[in-house]
Structures are given as C-alpha cells and as structure tokens.
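Only one structure is covered here, and it is reproduced in the block below.
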Amino acid sequence: MKRHLYIGGYGPGIIEPGGELTRLAAPSFLARHPSLPVIYAVGELAQGWITAFGAGGRRLSPWDERSSGGDSPCHLAVHPSGELLAVANYGDGAAALHRLDSRGVFDGDPIVLRHHGSGPHPERQRGPHAHQAVFHEDLLYVSDLGTDEIRRYTLEGEALEPITLPPGTGPRHFAFAGSTLYVAGELDGTVTRLAAGEDGIRVRASTTVTDNAPSHLELAGELVYVANRGPDTISVLRADDLSQVAEVPSGGAWPRHFAIEGDRMYVANQHSGSVAEFALAGGVPEPTGEVIEAEGASCVLPA
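Per the numbering used here, residue 529 is the first one in the sequence shown, and the count goes up by one each step.
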C-alpha cells in the first residue's frame, strides 16, 4: 500500500503519509479544508480540543488550536466555502460552529449548540450525544445518538425542526444523496433510507447473527457502504432499496471508519490497530493484502 493516508486514532498521534508521527492526544477524527493545505483534528478528551495543521510542507505543522466547545469531540467537518468548521462533541451532546479566516485558522468566538433530551436505551441514551456533523444545502445536520434525532441548524446556529428516528435507533453516521437521507443506527444495527414522498426503508446493516454496532456510512454512486462493528464486516447495499449486494470481512477488528478514494477503500480497524486496503471490483471491496499498523485506528483521510 502506498502511504498516502493520514490516520487518526486513539494511539500516540496522527500517522502521516510518510509514516511519521505527529503527536496529539486522541486525534480520533480528521478533516481537510476544501481549498487550503490545512487539516483539522479533534482531541477526544473530556475537555475537548480541535487543532488546525498546516499541510503544505513535508510534515504537519500545528497552526492553531482551541476548545471544541464541549466534551469528547468525535467528528468535524468543513463547509464547502471554507469559512466554517462544525464539530460534534459526543460526551455532552454539544455541537459547535467555528469561523475560519482566509488562512483556514479559527476566527472569533464559536457558536455552541447545546441540546437536551434522551432515549430508551438505559445506558447510551441518558442524554444527548452528538456523533457527526454534516453540511448539506447550507444547513448543518448533527446526528444525536442519545436523542434519536438528526438535528438541523442554520449556518448562524438557529435550531430548526429535527428529523426524528424510531426510539432506540441511536443514529451515528449518515449521508445524503440529494434530498434522500441514509442513516446508520448504532444501537439497533440498522440502516434507514428516508426520501420525501416515500415510505422509509429500514434494514439490518449486517446479515450475521452477531450483535452489530454500525459505525461509518458512505455513499458512492448507486451503492451505500456501512462498517459493522461486532461482525467486523463492510456491507454493500443498493442505494435505491437497501437490498444487499455483498458483505465482506473488514480486514481487522472493530471497523470504526473507512474512506473511499477512486477504486480503493481504506478501513480503519480500531481494535486490531490496523488500516486495511481493498480494491473496489464492481463496487464490492476485495482485500489487496496491504495493511498499515496504526494503534487504535479510528479515521483515515486520503492525502
């Protein structure tokens, strides 16, 4: 495998494309600025941090850092304009909007978006747990595992009516295809498809009998990919009806995240401390045999 990945996780830091290590506490998720050589990382700690790194040289260079606005940030995203960064804080459920200046570093005070509510799961849904932040059609969407909602906000932080999922779903990662929404349910092991004017479709993410906690979900063309923790597989579903195309081993244990780049998929297997490479043959992942060791791997970002 050519080392052209940044790998974040729960090890000692970020593994860079050349194999070097940039030390940072719990950089469990990474994102890139859309037009500048800047990479952002969360620090998934009780007092959460986000860091902006310059990525224009041979090594990452820390440019700026600040509080994430909450407890245990686990995901961040940059608006296509490059002027806003959103972060989801799992611990207390707070999301936050951070302004970015012309260099891609933080500018002004953040807008912290706190939330309240709970769900039926006795341990995981006692309160809100923001899990992913996604910009779509100039709105901010935030999945909340604790309240079974996809929260919605304007770019100025005004709360809008959320999208509500069945109790106990535990929405984690999600993706849009136009106005159609696909959601991975971590707590009930499902994938849900919601489209305007249609009845929702809801299927099991994995066909195995093993307990499943789906993690990352992504669309590519006419297919939906979802990582299954427990079965340790990647499921491939048809986007139009969520029928299964294939389900293949993830190449390790506890697949927390994956990235698709061209005809390749890279899967971060957290518990086995590895990133496995797959070739996408007709959309179905096939292992190439290439693996990078990465302690606590939880995110892969193509360079």
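Note that beta-carbon positions come from the ideal geometry of N, C-alpha and C, so glycine has one too.
query: Which residues does DSSP pair with THR816 in a beta bridge?; result: DSSP, once it has assigned bridges, lists no residue as partnering THR816.
query: Among the residues of its own chain, which have a CB less than 7 Å from the CB of GLU548, if the five just before and after it don't count?; result: ARG587
query: Since GLY674 and GLN653 are thought to touch, with beta carbons under 8 Å apart, how far apart are those beta carbons, to the nearest angstrom?; result: 5 Å
query: Note the first and the last residue of the continuous beta strand (DSSP E) segment covering ASN797.; result: 792 to 797
query: What would DSSP say about ASN617, mapped onto helix, strand or coil?; result: strand
query: Can ILE691 be considered in contact with the ligand MN, in the sense that its beta carbon sits closer than 7 Å to one or more heavy atoms?; result: Because no ligand of any kind appears in the structure shown, any question about the ligand MN cannot be addressed here.
query: If you draw a straight line from the C-alpha of PRO841 to the C-alpha of GLY619, how long is it?; result: Any question about residue 841 goes unanswered here, given that the chain covers just 529 to 831.
query: According to the Cβ coordinates, are LEU683 and ASP672 closer than 8 Å?; result: no
query: Closest to LEU765 by CA distance: which of GLU746, TRP782, ARG757 is it?; result: GLU746
query: Rounded to the nearest angstrom, what separates PHE806 and HIS785 at their Cα positions?; result: 14 Å
query: Please give the ranges of any alpha helix (DSSP H) in the region 752 to 794, keeping only runs that are unbroken, at least 4 residues long and fully inside the region.; result: none
query: Go through the region 575 to 631 residue by residue and report every complete run of the beta strand (DSSP E) that reaches 3 residues or more, in order.; result: 577 to 582, 589 to 595, 601 to 606, 612 to 617, 623 to 627
query: Under the three-state reduction of DSSP, which class applies to GLN653: helix, strand or coil?; result: coil
query: Looking at the unbroken beta strand (DSSP E) that takes in HIS744, where does it start and where does it end?; result: 741 to 748
query: GLN575: buried (16+ other C-beta within 10 angstroms of its C-beta) or exposed?; result: exposed
query: Please check the pair LEU829 and LEU628, which I expect to be a contact at CB under 8 Å, by giving their CB distance rounded to whole angstroms.; result: Contact doesn't hold; Cβ gap of about 18 Å is too wide.
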